[in-house]
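**Q** Residue numbers (the working numbering), protein chains in the order written: chain A, 14 to 222; chain B, 14 to 222. Have a look at this one.
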């Protein structure tokens, strides 16, 4: 069996294929790098149609990353999916609270998702600039409610909860606030997609292999 | 905003919607639970057509889980995506070596992927029964070569590397060996899909919330 076994070559060739198959669909360079990295992660070209930027989500998010602001992720999968070296290079921390014992306990008591309680915990930390949601519509709802109440002012919301109950609807609710956002419309999204968005943005700050 | 905020309810309703939309496409119960959990994870119904079982992959995999055999996962995302409580209930450990310093060092020296070296390391551990690949075609190729050489005899290969270079081809190579397997044909797959397959099988052993 012959195959390309060099990681850098594999990635470069993958991006060439993606660019080829996107064909006429050409995006501005910074957007293109996000679109392509999502497709690289999912092998699903539909994402080119589902990605939406609002209220200078890209610019505000890049600024937050430059300032080394913290990222709150609603899943551990996002945490492990984001390039650790790139985070370290820019002094950025990515945190997730949904598995914390205090969060689990409170969620059970209140009969709500751990994601809701974890988001509430994240919102108390004023060093968080980016809220990245790949799993729980309830986390996104909680965040949107707090923004509406004037209790949160995110630099960027990555709204990409996946699923059949509440996910598409929660993303539509983003239209009701003026927070900078990057979203995946519809049911699709998920932790690898969120990690891909963050990685693409981090790599734009400068990448070392 | 009104929304379902009870985790069990959200999952049940999601599975109802998936069953509804699968329509005429009815699968045997054990297979159905895997198909539906993958769709639940990806919001992508195409997976119903991409999932393939070979050489009693399901039966052999369930037996390995019953015996508490170790799972090797090629990504940390799979590790964190598999239900920890379900693993603990059945005394099953899931390991990943691709971030080990010795693995990274050797990969760099040899100019191969960390996934290849990590798979070689996993193959030395005879307590591993299930090899779960969601990312690296090179990990799957390495495994297939070792099986062909008579140096590995997996209870189950979950072959679901995702991507544009080598992924689809690596899965076709599974036809050249008689190992029990569950695969995702074509370019699609990925860590959340692999985690969904493992979770569905673990839940069939008995689930407590």
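Glycine included, each C-beta is placed from N, C-alpha and C at the ideal position. Computed from a prediction, not measured in an experiment: that's the story for all the values here.
1) Would you mind telling me which residues of chain A sit closer than 8 angstroms to residue 32(B), beta carbon to beta carbon, in chain order?
2) What residues in the stretch 194-213 of chain A bring their beta carbon closer than 9 angstroms to a beta carbon of chain B?
3) Using 8 angstroms as the limit for Cβ to Cβ distance, is residue 178(A) near chain B?
4) Within 10 angstroms of the Cβ of residue 19(A), are there 16 or more other Cβ atoms? Answer buried if so, exposed if not.
5) Which whole-angstrom value is the C-beta distance of residue 175(A) and residue 51(A), which I expect to be below 8 angstroms?
6) On a CA-only basis, which of 54(B), 73(B), 32(B) is nearest residue 205(B)? Give me that one, please.
7) At which residue ranges does the stretch 122-191 of chain B contain complete beta strand (DSSP E) runs of 3 or more residues, listed in the order of the chain?
8) Would you call the CB atoms of residue 154(A) and residue 85(A) closer than 8 angstroms?
9) Could you tell me how far apart the beta carbons of residue 180(A) and residue 202(A) are, in whole angstroms, since I believe they sit closer than 8 angstroms?
10) In this structure, what does DSSP give as the bridge partners for residue 76(B)?
11) Ignoring anything shorter than 3 residues, give me the beta strand (DSSP E) runs that lie fully in the stretch 44-128 of chain B, in order along the chain.
12) Hey, would you say the C-beta of residue 156(A) is under 7 angstroms away from at least one heavy atom of the ligand MG?
13) Suppose you measure from the CA of residue 107(A) to the CA of residue 114(B); what does that come to, to the nearest Å?
14) Could you tell me which chain B residues have their CB closer than 7 angstroms to the CB of residue 89(A), listed as they occur along the chain?
15) For residue 200(B), which three-state DSSP category applies?
16) Looking only at its own chain, which residues have a Cβ that is under 7 angstroms from the Cβ of residue 65(A), when we skip the five neighbours before and after it?
17) Quick one: what's residue 195(A) bridged to in DSSP?
18) Using a Cβ-Cβ cutoff of less than 7 angstroms, which residues in the same chain neighbour residue 134(B) once the five nearest sequence positions on both sides are dropped?
19) For residue 39(A), count the other beta carbons within 10 Å of its own beta carbon; 16 or more makes it buried, fewer makes it exposed. Which is it?
20) Might you give, ordered along the chain, the residues of its own chain that have their beta carbon closer than 7 angstroms to the beta carbon of residue 140(A), omitting 5 neighbours on each side?
**A** Judging by the given coordinates:
1) Position 19 of the second chain, counting from 1, holds the residue named residue 32(B). Per Cβ cutoff of 8 angstroms: no residues; residue 32(B) is ~11 angstroms from chain A at best.
2) 199, 200, 201, 202, 203, 204, 205, 208
3) Indexing the first chain from 1 puts residue 178(A) at position 165. So yes, residue 178(A) belongs to the interface.
4) Start at 1 with the first residue of the first chain, and residue 19(A) comes out as number 6. Residue 19(A) should be labelled exposed.
5) Translated into positions along the first chain, residue 175(A) becomes position 162. Translated into positions along the first chain, residue 51(A) becomes position 38. The Cβ separation is near 13 angstroms, so there is no contact.
6) Here residue 205(B) corresponds to residue number 192 of the second chain, with the count starting at 1. Closest option to residue 205(B), Cα to Cα, is 54(B).
7) 141-146, 169-172
8) On the first chain, position 141 is the one that residue 154(A) refers to. On the first chain, position 72 is the one that residue 85(A) refers to. Contact flag unset, no.
9) Against the first chain, residue 180(A) aligns to sequence position 167. Against the first chain, residue 202(A) aligns to sequence position 189. Yes, they are in contact, since the Cβ atoms of residue 180(A) and residue 202(A) sit about 7 angstroms apart, within 8 angstroms.
10) One-based indexing of the second chain puts residue 76(B) at position 63. Looking at the DSSP assignment, residue 76(B) forms no beta bridge with any residue, so it has no partner.
11) 64-67, 83-86
12) Absent from the structure shown: the ligand MG. Ligands present: none.
13) Numbered from its first residue, the first chain carries residue 107(A) at position 94. Numbered from its first residue, the second chain carries residue 114(B) at position 101. So the alpha carbons of these two residues sit roughly 22 angstroms apart.
14) Stepping through the first chain from its first residue, residue 89(A) is reached at position 76. Within 7 angstroms Cβ-Cβ: 93.
15) Looking up residue 200(B) in the second chain gives position 187. The answer is coil: DSSP assigns residue 200(B) none of H, G, I, E or B.
16) Your numbering for residue 65(A) matches position 52 in the first chain. So the list reads 196, 198, once near-sequence residues are dropped.
17) For the purposes of this step, residue 195(A) is taken as residue 182 along the first chain, with counting starting at 1. Residue 195(A) is bridged to 66(A), 171(A).
18) For the purposes of this step, residue 134(B) is taken as the residue at position 121 of the second chain. These residues qualify, in order along the chain: 110, 116.
19) The sequence position of residue 39(A) within the first chain is 26, counting from 1. Exposed, because fewer than 16 other Cβ atoms sit within 10 Å of the Cβ of residue 39(A).
20) Translated into positions along the first chain, residue 140(A) becomes position 127. Only 82, 83 meet the Cβ criterion.
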